[in-house]
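Position 241, counted from 1, in the sequence shown is what our numbering calls 241; the numbers after and before it change by one each time, with no gaps. We put the beta carbon where it would ideally sit given N, CA and C, even for glycine.
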Amino acid sequence: MNTAVTASSNSTAVHASDTPTTGSKQHVAADHDQINEKELDAGALFVLKSKGSWIHCGYHLTTSIVAPPLLSLPFAFASLGWVAGITCLTMGAIITFYSYNLISLVLEHHAQLGNRLLRFRDMAHDILGPRWGRYYVGPIQLIVCYAVVLSCALLGGQCMKTIYLLSNPEKESMKLYHFLIIFGGLLLVMAQIPSFHSLRHINLISLVLCLAYSTCATAGSIYVGMSSNAPPKDYTVKGSTINMVFGVFNAVAIIATTFGNGIIPEIQATLAPPVKGKMFKGLSVCYAMVTVTFFSVSISGYWAFGNKAGGIIIGNFMDENGRSLVPKWFLLLTNVLILLQPSAVSVVYLQPTNELLEKGFSDPKSVEFSARNVIPRLISRSLSVLLAVVIAAMLPFFGDIIALIGALGFMPLDFTLPVIFFNLTFKPSKRGPIFWINTTIGAFFSIFALIAAVAAVRQIILDATTKPKKIVLSNLPKFQSTRFDMHLSRLFFLFFF
């Protein structure tokens, strides 16, 4: 058996192998050998169960892309202006929809050949070579996905503290780490959900939540923008030349990689065979939500607040004196809706880690819910969540560090590798447009990833050489401060960059 077939045997699920249309004896024999070897892969067997439909896939995709960081899109517009902002947002949607469909087509092609790939690192292993999967694609995917979990924990803790302070403005006895522990407890429970497919109902709720808080953000922006207390609207891009240049780079990076995913193969792995055409339907569901939420929040937020749009738009619902510009119940409701979704997002991005832990500690020859498998699963996943919460609470310059990780991680996974995989798999003619469109996308975002990494390193150096200021949510008027906005925008780069 050749190297490609042997390598892919570790990524072909027993219950997920698509039958080749030719029905040749060679394919049947190859599938039989793969099944025998696949029985040793507990990660794919237990975590990446292939039982879902295209609508379930749409739920998973929406949760992984449409997340609270979309509330920072008006902040990106503030560095670009109307024309450039809308243009970049539109191009980001088109390019990522195209790139994700390229990955799907490559996966469908391998599935039709009887070699279904279930993980990003398996794609790199088969298409680029074993070292690419083991030493580059696999590690960066795990790092960026785990960084999302860290950010979700911190964001959840901050939202809980904001709700606490809005409800009890005179009390500040509870610190941020208290709320991190509480939110970490929720993640600890949700992390025990056994498989990616089991998250389908939770991710449906997540879809409703993101639509709800996006509606609140849009309605709140329109309400404030039309009220007598509306701040003056200024749509000019301000700042020194160097700050404007880096502001443009940061804004384009925010818009381009707000659409970041990094787990497309793992999501497609949840589809029951045959997989052909199902991922396109799932992506269509997801991007319908993207169109509704991303454009409504970014346009309404920038229209209402102009270049004063904050790192998270709901921060603009408080004036400089701490007075709410929207009804208090509305602000509380918005924060509650935002609070609930990061738990679903974090569990989705835990799946690559869970799959690796399951592969290392579980026995595929034992029953999935036997003591032999349940105990290691409980311990390993609990330690994974606890470590994420501790790191989120302790890591200095967290937003800047994850910006660097994301620039070198999400950009390649979502923009560069898809076009490379497609060109190497299907070998489109160099005389046709497909080859050159893919090459241009890959080259542009490779260069842009390096520039984004330089910008992140610059910010780390600036923060390390200046006296850090304590950023807390205990003083609600500070929602309007530039320093707070910049801190939140860098924190959200975990999803963007």
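- Pairing His125 with Arg134, the inter-Cα distance amounts to about 7 Å.
- Excluding its 5 nearest sequence neighbours in each direction, Ile103 has C-beta neighbours in its own chain below 7 Å: Ile264, Pro265, Pro418, Phe421, listed in chain order.
- Taking a cut-off of 8 Å on C-beta distances, the segment 329-345 does not touch the segment 242-258, as fewer than three cross pairs fall below it.
- In summary, Ile94 is exposed, with fewer than 16 beta-carbon neighbours lying within 10 Å of its beta-carbon over all protein chains present.
- Within the segment 70-103, the runs of alpha helix (DSSP H) that reach at least 4 residues and sit entirely inside it are, in chain order, 73-78.
- Beyond the five residues adjoining it in sequence on each side, Gly225 comes within less than 8 Å, by CB distance, of Lys233, Ser300, Trp303, Ala304, Phe305 in the same chain, given in chain order.
- Exposed is the label assigned to Ser227, since fewer than 16 other Cβ atoms lie within 10 Å of its Cβ.
- Three or more pairs of CB atoms, one per stretch, sit closer than 8 Å, so the segment 72-79 contacts the segment 309-318.
- Of the other Cβ atoms in all chains shown, 16 or more fall within 10 Å of the Cβ of Ser221; this residue is therefore buried.
- The distance from the Cβ of Ser446 to that of Thr465 is about 30 Å, inconsistent with a contact at the 8 Å cut-off.
- Approximately 6 Å separates the beta-carbon atoms of Ser79 and Val248; this is inside 8 Å, confirming the contact.
- A distance of 7 Å or more separates the beta carbons of Pro342 and Cys210.
- When the Cα atoms are used, Val390 and Ile267 turn out to be separated by approximately 28 Å.
- Between Ala455 and Phe246, the beta carbon gap of about 6 Å places them in contact (Cβ cut-off 8 Å).
- In this model, Val189 and Ile182 are separated by some 11 Å (Cα to Cα).
- When the Cα atoms are used, Glu358 and Phe280 turn out to be separated by approximately 29 Å.
- Setting aside the 5 residues that flank it on each side, Pro231 is surrounded in the same chain by Phe305, Lys308, each with a C-beta closer than 7 Å to its C-beta; the list follows chain order.
- With distances taken between CA atoms, Ala212 lies nearest to Pro68 out of Ala403, Pro68, Ile460.
- Ranked by Cα distance from Val208, the first of Thr236, Thr162, Val285 is Val285.
- With a beta-carbon spacing of about 7 Å, Ile193 and Val347 fall inside the 8 Å limit used to define contacts.
- The beta carbons of Thr353 and Tyr136 sit no closer together than 7 Å.
- The shortest CA-to-CA distance from His60 to any of Tyr164, Arg323, Gln351 is the one to Gln351.
- Spanning the alpha carbons of Phe317 and Gly262 requires a straight line of approximately 33 Å.
- For Asn250, the enclosing alpha helix (DSSP H) covers residues 241-257.
- Unbroken alpha helix (DSSP H) runs of no fewer than 4 residues, entirely contained in the segment 358-409, are found at 371-394, 398-407, following chain order.
- For the set Leu340, Asn438, Leu283, Trp54, the Cα lying nearest the Cα of Cys159 is the one of Leu340.
- Just measuring C-alpha positions, the residue of Pro364, Arg458, Gly322, Val148 sitting nearest Val385 is Val148.
- The Cβ-Cβ distance between Phe410 and Thr291 does not fall below 7 Å.
- Across the structure, Ile202 and Gly315 are spaced so that their CA atoms are roughly 28 Å apart.
- Here the alpha carbon of Ala288 sits roughly 9 Å from the alpha carbon of Thr62.
- Gly157: member of the alpha helix (DSSP H) spanning 138-167, first to last residue.
- Between the alpha carbons of Ile205 and Leu395 lies a gap of roughly 31 Å.
- Separation of Leu117 and Ala44 (C-alpha to C-alpha, rounded to the nearest whole angstrom) is 10 Å.
- Gly52 sits in a strand when the DSSP states are folded into three classes.
- Of the candidates Val47, Val83, His110, the residue whose Cα lies closest to the Cα of Phe426 is His110.
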